[in-house]
Each structure stands twice: as C-alpha cells, then as structure tokens.
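If you read the protein sequences in the order shown, they are chains A and B.
When the letters of the first sequence are read in order and numbered with the numbering used here, they come out as residues 1 to 813.
When the letters of the second sequence are read in order and numbered with the numbering used here, they come out as residues 1001 to 1813.
For glycine and all other residues, C-beta sits at the position ideal for the given N, C-alpha and C.
First up is the structure itself, then whatever we jot down about it.
There are 2 protein chains.
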Amino acid sequence: MITLGGPRPEESRAMTQTAERSGGPRPGRFVGQSVRRREDAALLTGRATWTDNIALPAALHMALVRSPLAHARIRGIGAEAARALPGVVAVLTGEDLADDFAIGLPCGWPVTEDIKIPEHLPLARGEVNHVGEAVAVVVATDAATARDALELVEVDYDELPAVVDVEAALQEGAPLVHEQLGTNHCYTWPLAVGDVDAAFARADVVVEGRYLQQRVLASPMEPRAVVVDPDPVGGGFTVYTSTQVPHFVRDLLAMICGVSDSKIRVVAPDVGGGFGSKLNIYAEEALALALARRLGRPVKWTETRSEHHVATTHGRGQVQRIAVAATREGRILGMRVNLLADMGAYLQLLTPGIAVFGAFTYCGLYDFGAYSFECQGVFTNLTPTDAYRGAGRSEAAYAHERIMDDLARELGMDPAEVRRRNLHPPFHEPRTAPSGVMYDSGDYDACMSKALELVGYAELRAEQRRRREAGEQVQIGIGIGNFTESGGLSPSKVAAGVRLQSGGWEAATVRMTTSGKVEVVTGTSPHGQGHETAWAQITADALGVHPDDVEVRHSDTAIAPFGRDTYGSRSLPVGGVAVHLAAGKVADKARRIAAHLLEASEDDLDFTGGRFSVAGTSGPAVTIQEVALAASLAADLPEGMEPNLTADHHFDPPNFTWPFGTHICVAEVDTETGRTRIVRYVAVDDCGPLVNPAIVEGQLHGGIAQGIAQALYEQARYDAAGNPTTATLADYTVPAASDLPAFELDQTITPSPTNPMGVKGIGESGAIGSSPAVVNAVIDAVAHLGVTHLDMPVTPQQVWRALSVAGHTARTA
Amino acid sequence: MITLGGPRPEESRAMTQTAERSGGPRPGRFVGQSVRRREDAALLTGRATWTDNIALPAALHMALVRSPLAHARIRGIGAEAARALPGVVAVLTGEDLADDFAIGLPCGWPVTEDIKIPEHLPLARGEVNHVGEAVAVVVATDAATARDALELVEVDYDELPAVVDVEAALQEGAPLVHEQLGTNHCYTWPLAVGDVDAAFARADVVVEGRYLQQRVLASPMEPRAVVVDPDPVGGGFTVYTSTQVPHFVRDLLAMICGVSDSKIRVVAPDVGGGFGSKLNIYAEEALALALARRLGRPVKWTETRSEHHVATTHGRGQVQRIAVAATREGRILGMRVNLLADMGAYLQLLTPGIAVFGAFTYCGLYDFGAYSFECQGVFTNLTPTDAYRGAGRSEAAYAHERIMDDLARELGMDPAEVRRRNLHPPFHEPRTAPSGVMYDSGDYDACMSKALELVGYAELRAEQRRRREAGEQVQIGIGIGNFTESGGLSPSKVAAGVRLQSGGWEAATVRMTTSGKVEVVTGTSPHGQGHETAWAQITADALGVHPDDVEVRHSDTAIAPFGRDTYGSRSLPVGGVAVHLAAGKVADKARRIAAHLLEASEDDLDFTGGRFSVAGTSGPAVTIQEVALAASLAADLPEGMEPNLTADHHFDPPNFTWPFGTHICVAEVDTETGRTRIVRYVAVDDCGPLVNPAIVEGQLHGGIAQGIAQALYEQARYDAAGNPTTATLADYTVPAASDLPAFELDQTITPSPTNPMGVKGIGESGAIGSSPAVVNAVIDAVAHLGVTHLDMPVTPQQVWRALSVAGHTARTA
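Here it is, written out as structure tokens:
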C-alpha cells in the first residue's frame, strides 16, 4: 500500500540539499546558499513600511465615487452636500479635471497596427463602462471624512445595456461597450508556423478542447495605495506608491500629468505583493498627483478590499479553443489555438498583450511541425484585465496540458507516455520551438522522469486501478502539468508582432564607499521576491565581502534612475545578472588597483576572501576595502585610472530564458460530494542554478498555491448585468494554508546560455504548472465515470453535477 | 586731465566681447557665451527654496542656549522653567546627549602628526570656550516658543580668564583655552625650499612687514539652517541643510551620530551663499539629527543673524610676518614668512589647514630661489576660524603684495617695475614655483601689462605727482595686486605635509532619457555659482542639444552619491571638466550607435547640430534623440553594446590649476578726514577659457567687493574679555553697492594643461587680488606724507590718526 500523505521531513529538506550541491557556472561562497532573507525581520514583526503607513502631516485624503452600474450615461453630478461636509477640501469630477491631464491612462502594448484603443480617463466623463469606474474624487482632511462624503455625492445615471461575456459580445446586435468604436472587437493577432492545415489533414486523430480561463483577482496582502508629496525643493513630486514598476509609473505619470519625467520621483516602499496587478499605472496615481499639484499638499489614497475587486485589474479572462492533430502513436503533428481574450472595458497598460504573449508557449515542451494561433481581444463592461502571475503562459500551459490528457484518452495511452513521445530531446544551445521562438536550454525528459519517479507514478496508477475496480467512493487521479515559461521578459527580442515599446534590459550599479561598505543600486523593484538578500549574495561573492556589508537600494527612481522593474520572472535573469556583471567590473577594477599597490601583475594576483595577494607567496596583501579607500583618496592609482570603485552595467539578454518543469498533482475526489482533496503535489522545476534555494522554494510555494486557487477556488463572478457577485473576500474564496497540501519540491539544473550565471527565473513557474496538474488530476479521477471535462474553478458543486449528468448517481447520505 | 570716473559703457562691454572672441581648446555653440543664468528667475522673484522655507508639517523647532562668556566652567543648568513653557517638547544639555554622538565635531585637516585637537562636542559639557558656544538645546512646537524658552534656561557659570589675541596667547602665563592641553599652541607647520639664510645674507636690501589679517564674517544673504526629516521609509534621515558640502555633511554626520552613511540623505536646497563658512559640519546639524532620531519628528533650526556672528566660523585671523631679501636692482633673492594663525577655541573641519594652504602662494607670480614658511596655530577663546573665500591664498597675496610695495619704496623704484623684474617668464607647461609646487601655465607679464595699460598707469602716476606737488587735500594712490590662486582644490596632489583625507576628484553622470532630454548629475554643490547654467552649456555642446533640454541635478546625495562639493575654485576645473568628459563619453557611444544605425563607419560620420550623418552626403541622418531612444529600446544596437545612453566620469586632475591676475585700485584719500574713495578698479584675470563670461564677471564682482570689504570696512572685533563688539550688522559694517566702484574687467587667456577644457576657475580670484590692491592704493596715496603702514580695515579713523602721528596736521573744518 503506498503513502498518499505529504512529504516526509527528509524529503522537504531534499531541495535545499540538492541546491547546495548543484553549484552552477559561478559557484560561490554565498550564491547557492539559503541565506536568511534580510527582508523578513521587518515584515514578520510588523515593522514594514507600507504606503498606507506613510503618514505625512497635513496630508489630504482622497476617496473615489465609483459607478454602481456596468454601463451608464452620466447625466449630472451633485457635489454640494459633499462639499459642505466639514473637513471636505474638494469634490471634483472628470469635467473639473479636464485640463489636469495631458493624456488618459495609456495602453503600452498595442499588439497590432489597427488595434482599437478607447480613451481611458482617470475620472469618467459622460459615460461609465464598468462597475467601480471612478466618476468623482473627494479630498478631505482625513480618510474617514473623505469616505463619508462619498455618500453625499449624487450621480444621476442613465443605465445602458451591458455585455459581460466575450462570446456574446461578438454577436450581431450585442450592446456596444464603446458605441463610438462600432464594435466590441479590439484586435485580432495571428501567428502561423508551418503548414497547419496539412498537418491536420494527415493526422490519425484530432482532439479539440474549449477551456475557460475565469477572471481572477490578485488579492495581494496589501491593496494598492499612493501618497503624492509635493517636493519642498524644486517644484517636483515624490510619489510613494504600492507598485511593482516605479520606473514605469514615473514615465507614465509624466506623460499623463504633463510633467517632465525629471520632476517626478517615484518610491515603492515595502510592497505587499503584486502578482501582476501592480504592473500598471492607475487612475488613482494620476489623480493623487493632479490633486497634490492643485492643492499644494500631500494627497493620500488607500484602496479598500472591495475597491480592489472592481478597480484593480483582473487576471486571465479567456475562452480558449485548442485542437491537436496527432498520429495513432501519439506524435503531435500540429496545433491550432484560438482565443477570445476579455479586455474588460478599457485597455490598461498591457491588457491586449497578455493573451498574445502566451502565443509562444502553447507548444509547451513538445516538438512538432505546424502551429497556428489567433487571439481576438474583446471589450466587455467589466473591470479591465491585465497581467496576473504567469500571464499568457499559465493559460497556455493549462490548455496544452488539458489537451494532452484529452489526446491520451482519445488514444487510450498513458498521459505521461504521450507527453514523453513529444518532448524535445535534451539541448544546451538554443533550439527553435514550434511557435518559432528559440528555447535556451532544456532536458525535459530528465525533469519529467524525476517528477514521475518522485511521485511514484507506477504505484499511483496501480492504486488508481485498484480503486476503480473496487468502485470506491473516493477515487484518485494523477494530473501532470508540463510547462515552459518565458522568463526575463524581453519584448524587444520577441519575433515580429509584439510591439511593446521597451527594451528588455536591466541596470545595476555597484559601488564601494570609502568606509568599505558596498552599495548596490538595482533597477528591479522587489515586492516580496527577496532581491535585497539575493543581490547581496551575488555581490558578496563577486567582491569577497560578507552579504551583511552590502546595502541594496531599489524602488526609488531618484536613486535608481534606470530600471525596468519587476514582473515576468525577469528580476534574476536580467536584473540579478546585471548586478553580477557590475560587481564583476568593480572586482576587475579593484584587481588593477591592487596589482598597482602590490607592484605585481594582475594575472599573478590571488583574490580570496576579499584579499588580493601575489599567488604562491606569503607576501603583502591588500583587502578590497583598502583598495576602495585608495580608489577614493586617489593618491596612488594606476596611470589614467578614474578614482572610486564603482561600475554600472545595463544587461540586455540576447533572449528570454525558458524555465520549465513538471508538476504532478495527486487528487482524491469524493464521488458522492464532488469534493477534491489534493493528497500529493510534486514539482520538479528547472530554473538553472539556484542563487538562494529557500527563496526559490518560497516562490514555488506561493505560485503553486495560486495555481491551485485558480484550479479549485477562485473566480471573479458577475451577473448578467455586470454586477460583481464576488465583491468581498467572503464571496471570493481565497484558499487558506489549511486548504493546501504540503509541496514536494525538487529540481533539475540546465544552465541558460543566455547569461553568465545560467539563471532562468522562478517567479511564475509555480503558477503555471499547477492549474493544469490539478484539473487534470480531478478529471483523471472521474474520467472513468464519464466526466472528461470540467472548468476552473473545479468546485465540488461542479464535479457533483458533472457526475450526475454523466449518470453517476450519488448515494444519499 | 585724466578721467578718474568708472568705466565708460564701451569698457564694461569689453570683457564679454573678448570672451566671445577668445574661444579656447573646445570652442562651442554655447560654451563661451553669456547664456542667461537659469537660476536667477527663481532667485530674483522670491521663488527660491531656502532651507528655512521647508515647512514640514509637525516639524519641531530647535533653539540653542549659548554661552555669554568667552571662557567659563558650567556649574549647572536649570531647565525646569523652560520645560514647563507650553509648546516646549524638550530641553537637553550636553550631559543629556552624552550617548547620542559617537564622536565630536571632527577636524578633517590635521596638518601635522602632533597637532593638538581638543574634543569639540555639539553641546558643551563642563566648560565653554567662546561666546556663542552652545550649552543646551530647546525643542518646541514652534520657533518663537523655542526662542522664548531660551531665556528660561538658567546656566550657572564660573567665569575663567580668557585669551583673545594670538601673540598674547603664546606668552608665558597666558590663560589656557584648554587647560588639559597645557598650552595654547596647536601646531607648527614649516616649509623650506632653497637656502634662505644665504639669500638673506647676500641681499642688498631686506624689507620686513608685520600685517594683520583681521577676523571677518562670511555674512551670506542666507544664514545657516537645517531641517532633519526622519524618512518615512527605511529608517534613515533626510537632512536639508544650507551647506556648500552635502557629501561631506553626509559622511561626517554618519560618523558623528553613529549612523551608516547609506542611511543619511543630505539635500542642499537653494543656498544663499557660503563663502567658505558653509564648508563645514556644525553642531546644529548633528543636534538636529540626534533630536529627530530621539523624537521621531522633523527638527528644524535657522540661524539668527546675531548667532551667525558667534556660531559660524570666521575667516582670516592671522598675524603675518614677512621678509624679503633683494638686490639693489629689485631682484628678489629670498622670502621668509612666519604666521600666527588664530584657530579660535576649537578646530572645525579645516581650521588648521587654512593658513598652511597659503604656504604655496606667498611667492605669488614671482620667481626666486629661496623660500621658507612657518605657521603656528594658536588657540584663543573666540569662535573657530575656517575657510573664507580665497582661504590662505588671499592672505598670502595680501602679504606679498604689501611687501612688494614696501620693497619698491625701500629701493625708490616704481612698484610695477619691481614686480615686472621678478615675474616668471611666460610658460605653457608646468613650471616649479619657489614654494616647490608646480604652476600650470601663465603669461604674467602680459596680464600685468594689460592691466597697467587699461588703467592708464603712466597718466595716473603723472596725476599723482601733480597732486602731491600741489599739496591737494585729496591725494590719489595706485595699488597693484598681483596674485595667483590655486584652483581645483586637490589635496592629494599637494606636496608633503598637507594631510587632508580626501581625493581631489569630482564625479559627473550624463544620461539621455528615452524622451531625448539630458540629465546631468554633478558632485559639485552650487550655492550661487550657476553650475546649472554652465554645466548645461558644456553638455549641450558635447551632445549637440540646446541647454534648455539639459537638466542639472546636484546637491542631493541620494541622486549624486559621489561628490566632493564646491569650494576652493574647484567646481569648473574639476566638476565641470568631469561633466565635459562624461558628456564626451555619451557622445562617443551615440556615435557608435549612429554608425550602426546608418550602416556607416564612425569615422565617416559628421555630428552637427545634434545630427549624425555620413560626411559629404545628403543621405540619411539620425538625431542624438533618436539614438537615445534606440539605446533604450535596445532592439538594434552594435554587437556587445550595453543599452542606454549614459556615462559617468570621475575626473581627478593631475594638479591644481593656477588662475592669476593683476588688480589695480586707484583710490582717493581725503587727507583731512582720512576717508578713502575708490575711483577706479581695474582687474585683468586669467582663468583660462571662459565658459560663461557673465558668470565670470559676476564672480569677479562679488569677490572684489568682498576683498574691498576686508580692506576698508569689515572686522569681527572683540573686547579683551572676548565679548564680541560687532555682534550685529549695525556694528559689523558690510558695505553696500553704493560703497563700491564700478569694476573694469578684462582678461588674458592661458589655457591650463591640467584638463582638456583648459579652464582654471574664478570663484576666489576677486577676493584675492583686491585687498592688497586697495590697501596698497591707500598707502600709496599717503606714503609721501609719512604713512607707510596701515592695517585692515583701513578706516577713515585709522588713516586720520596715522596721518596725525606722521605729523600731517589736518586743517580744521
């Protein structure tokens, strides 16, 4: 009898041990170690500084009057009663602020030339297009008064018909979200590689699937918040905002508010999670700046939890159609993907690009010859969608792993075996994927084999057969999620058609002060990822110092003027590598100075433990701290050398990295109640060498939890009129730790050739491999009862109903 | 009959015209032009941000209880009544703050190994050593309450005998400023080059002088002020302070308060003049930080004008003895200099070094073989002395030009002729001066000849003879001030013995944003010098953009982490050159990208007006703004090139620069009243090529005014007990514009070989050449009546008395 319980203690330690053994291209004293996160002490003891903790004296507080209707014309706004409330400083409408903004909230990823982009003002003028859209702003001397005043603002609406479903939205006669566009169609973005029609024509079997990617909410621990403080010097503004992207916020606020980008300093203080929802510029940020400028006082706003449900972008929101053509032996010949992507009512920063970005990973780990993809963006009267952990690639992995199980069932083959027959062979130099992009490196069979072995696949299949044959009430299913993600978001390197106007580089500066301390400035903007710890490890190894002597500065555009911020699993493979390369430049300069001071050749120097000495001698040595002081005093430097020990590096990777993995979920489904219990969860990931295994584990834990949440629990639901029915956390069921299994983690390591550290990124992998593994497991548990399709979230109710429809009669309790 | 009036209109334009013609090593479209100062609009219309304008809500206000006695033991401090005053938050003594400071206020220029450095606490403990020393601090919710509370603090003193004169201080049995030192002697610093005794032994004539350099006050328009704001994020502090040296303040506050330097951000807002007095770290800055740390609220302090007179460092304060040995033909053979330098009661940052720094310029423009110098630092019960415009070099020029006139009188020669016989011949590569330092370049005869010609020297001498012979009541005198200053303070390059622990480099970063704007970050810290204008000119020429598109950021250690700040005429020849070199790196990178984009060879590209094109063709071109965008998008860059158009340069000059000049003052002295009127003032300066002639003129106007003020008006006076008798601006007579003549300025240009721009600096020249020219003119007017010695300030009373003593009987009115 096999164990279905969680990992034994010795298994949970395996990951760290493996990582410690693994090394990588640059093994070091600290890189590869589970150095304790320096960020955690403050976070865990309540001493973190969230934006809402920033209490600037005399700050004004902002609150937003939001539309209660999904679609309506604004006939008038009565603000007199609100203005009369003591403590209210101003009540302003979109009309009042007509001259405060140079442009509306911009879309930064117009995926096609003829994409339709509706104007998106920080405050609505004339019409509202989703519940939660802001129509007026109240400013008061305290937050409670501002919120009280909201109820005194009278908005007179003419309700209009709403559309909330992407398929309905494209039907003839559907209500139009934006009448002036004449259509709810936003764009069509196609990709075709190889002769797909021919592949399908010569196939032995074709399987097709229609899967729903429900809308989900980021639900970070910290909702959004912003404080704009007019600078006491120079006429600029300091913007404290809970964002993943302070540099984007600087550049975009400058454009929206008509301020020179050099007059805006954006600081992201401690940020309590983003998950893609804080990779944006929001109306409230622009409003706070406009009001601080108008009123000459700090202006603050903090999102309520219910505002988060309607005013912060949603994730996912797609209808996926996928078809695979294969031989009878299970070899895939071609794949067709057709998406309808729900834009919501407006295009936020990356809205149109999210689904398109997935185009390149629907082929997953599998090698075949013909691939086509088409995505249509569709407007609805709902909150805009945008990035959400795993964006595009999570949806892709879900679809391709669902269809692989469908194909296996069609062929009567084992799902692992079908997958194995289609894997790319191991490769260590870039290899072209069916979608036309170049994967960097991979040994997919090794990874999947390790996962199958770790979970005890054969024994599980035997146990499954036993239970089926016994007709037990609780059946088990085994679901596999093979996936690749693309890390190091680098749009400029993507093939034609992805028109994001931004380079994929990241900047780092490393400098030593005269006191021998090291300062690292990074353009990444951590919000839970532990960059302060990991970048210090990387720098410490390069400079032979202790990580405690390395201060990492970030998330402040005055201090780090160049940066592309944190999202898309880019921070380590782009930003961390930039730190590594900048630190390497500093070490090289230190070596030249040390050679000069020691009157030796650079090549003859040993550099160990932060000390330069002449190799093979016990003669004089000089520490790197002494070199830093000498570099500042500049009294005795090599001819022509500039003073000071500082260097920057702007690293522009030649390609995405392509982390990958195999996640396996073992689920028990109670066929009487429809309830699913995950009993095992094995994840073998390959993100190249590990800098800090504990951080990698943490990223995987969180990501897998998030994928399980989408698979089983979460959905932002609306009624037919566009009213949210999950407007609070009581309705929107975020799982708790007790709802989740223990995770069994392991990894393989195939270094990426795209960067000198070989690292690939791990921020999203957990959220990509998990939802298909879980849903496949549930279906696998009940497929023999006739249930071969379920949609996320796979609730007990849905499973029970599907079993009923399939003819499985539950015993009465 | 010659004109003794001010310059004719055509003369006052001469300087700008000459400068526009002059060019220099890097003539450009904007460099060399009198571009209007961008700083002035805000300054002239009351929109500048002085530190005192920074009104952080909920800020606490600090006021200091200061000693009314020059020397006393503190027996006790009664603070109860002050603490009881409503609005008072805290009253703290030195004892209360014993644990708040890791060290006292440091001396950063210990000129000898055995220098005596008394402990200098931010608040006195046990003993006070000068009037104005802080003994307790009051913190209140508003500034008026804080000041009211001062009168309620009762300090019980035991008065001790005080010493206020450096010569008296060295006498046996003099009261000791610091009893524990056992002496008032601080240090002795000697220098000797050549065989001075032999030179004096073989001389035909020896002349000796004893000159007094009175104490003067900086009297900036804006007194000192500081606001310390605890950062809302990260546990650090933002320090707004009216300083010349934000980087030094950061590093020194970190040491004094025991805070990591990376936790202190120093911002110098608009600073209303420094003149050396804000090149320091002061007790109030340390106290404000300590109190902000204790109380968790912003703490603010603004100096009153009367506090400025006792609590801000004084300038000068020396007794100079100088002797020159010469041949009968007027050739100098040797020079001896002996100084007593008044330290005051404590050593501030640079106190001991100021007089020592002058050691290298007592030989002025003159070439001779033997030189000795000795300076003794002496403690007195007065406010500490420190840097003051021209520091060290102004005193030197005063002494050597006084003694040149004494020598001329002794020899019966014309003062110009004596000088001419001793000038170095023209040189364009470094040349050793009698003091052992290397001068960079100079054509001293050309400069002096131009000044003599411009003033009409021969005609003036004729007029002087006429008036003498006629026995007119109003006599005229002609005074010459030849001088060299050392610009680009670079202590690491000075010969042995100057032990200032700092490199002489300056840092600059130049970057272009994607919007095509240019940001310059400079480590210099302007406080009136116009760096924003001048650095924009330099950058604009290098990058082919307009200066209006260049933003210059400075005086904020978060934004400009590397910097050595502004003093000692260093900003242009070190910091401006760093900007020039960094901009050159950016232009070079832009050229490489442009060549790549245009598919041309770099060498074939023209770069004109910000456009790169293939030379000799009318083919495609690319602007540098387009190059900047391409560098950010990074989609098409040369192989291996890092993205973004940014570069920094840390420029470490190989030597000081040595600006020089000849100033000539023509003064009328009313022999009946002793009143002096300056009727002509001609200055020919050589600071290398001019970047902005209007700014050069402004620097000269201010500097000459300051030198005239020392010569004729200003002195910080004390009674024998150490009580200041010039404690307000009513007693301390700062001259007004109406007290000053029109200045006739011109220049010669000998580029410095120490930097690629050839620039030398001009910040202090005016304050160096003027006081000897003026005093020499006054003496020259009355020497024939027997008055050959006067001391600064040359008041009418002093002149009248000296004439009386000499036997000149004034006619009664």
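So what does residue i bridge to, in DSSP terms?
i	result
B:Arg1611	B:Thr1608 and B:Thr1623
A:Thr238	A:Asp229 and A:Arg265
B:Gly1390	BP columns for B:Gly1390 are empty, so no partner.
A:Lys300	A:His61 and A:Val227
B:Val1857	Residue 1857 of chain B cannot be examined here, being either before or after the span of chain B that is shown, 1001 to 1813.
B:Ala1090	B:Val1139
B:Cys1375	B:Trp1189 and B:Leu1339
A:Ala781	DSSP, once it has assigned bridges, lists no residue as partnering A:Ala781.
Check whether the Cβ atoms of residue i and residue j sit closer than 8 Å, and answer yes or no.
i	j	result
B:Gln1699	B:Pro1793	no
B:Pro1425	B:Arg1305	no
B:Ser1435	B:Ala1355	no
B:Ile1704	B:Tyr1681	yes
A:Leu572	A:Val691	yes
A:Glu154	A:Gly78	yes
Use the C-beta contact count for residue i: other C-beta atoms within 10 angstroms, 16 or more gives buried, fewer gives exposed.
i	result
B:Ala1325	buried
B:Met1221	exposed
A:Arg26	In this predicted model, A:Arg26 has a pLDDT of only 48, less than 50, meaning its place in the structure is not dependable enough to derive any value.
B:Asp1142	exposed
A:Ala806	exposed
A:Pro352	buried
B:Leu1044	exposed
A:Gly488	buried
A:Gly497	With a pLDDT of only 39 at A:Gly497, under the threshold of 50, the placement of this residue in the model should not be trusted; the figure read from the coordinates follows. Under this definition A:Gly497 is an exposed residue.
B:Val1031	buried
A:Arg389	buried
A:Gln180	exposed
A:Tyr282	buried
A:Gly108	buried
B:Gly1377	buried
For the alpha helix (DSSP H) holding residue i, just list the boundary residues, first then last.
i	result
B:Arg1801	Pro1796 to Val1805
B:Met1255	Pro1246 to Cys1257
B:His1309	Arg1305 to Ala1311
A:Arg591	Val577 to Leu597
B:Leu1454	Tyr1444 to Val1455
A:Val356	Thr351 to Phe357
With distance defined between alpha-carbon atoms, name the residue in the options nearest to residue i.
i	options	result
A:Arg592	A:Val474, A:Thr623 and A:Gly504	A:Thr623
B:Ile1054	B:Lys1263, B:Cys1375, B:Thr1302 and B:Val1206	B:Thr1302
B:Ala1773	B:Leu1785, B:Gln1798, B:Ala1709 and B:Gly1563	B:Ala1709
A:Thr312	A:Leu340, A:Ala323 and A:Ser277	A:Ser277
B:Thr1795	B:Pro1756, B:Thr1673, B:His1784 and B:Thr1726	B:Thr1673
Return the first residue and the last residue of the beta strand (DSSP E) that residue i is part of.
i	result
B:Tyr1681	Thr1676 to Asp1686
A:Gln318	Gly315 to Ala326
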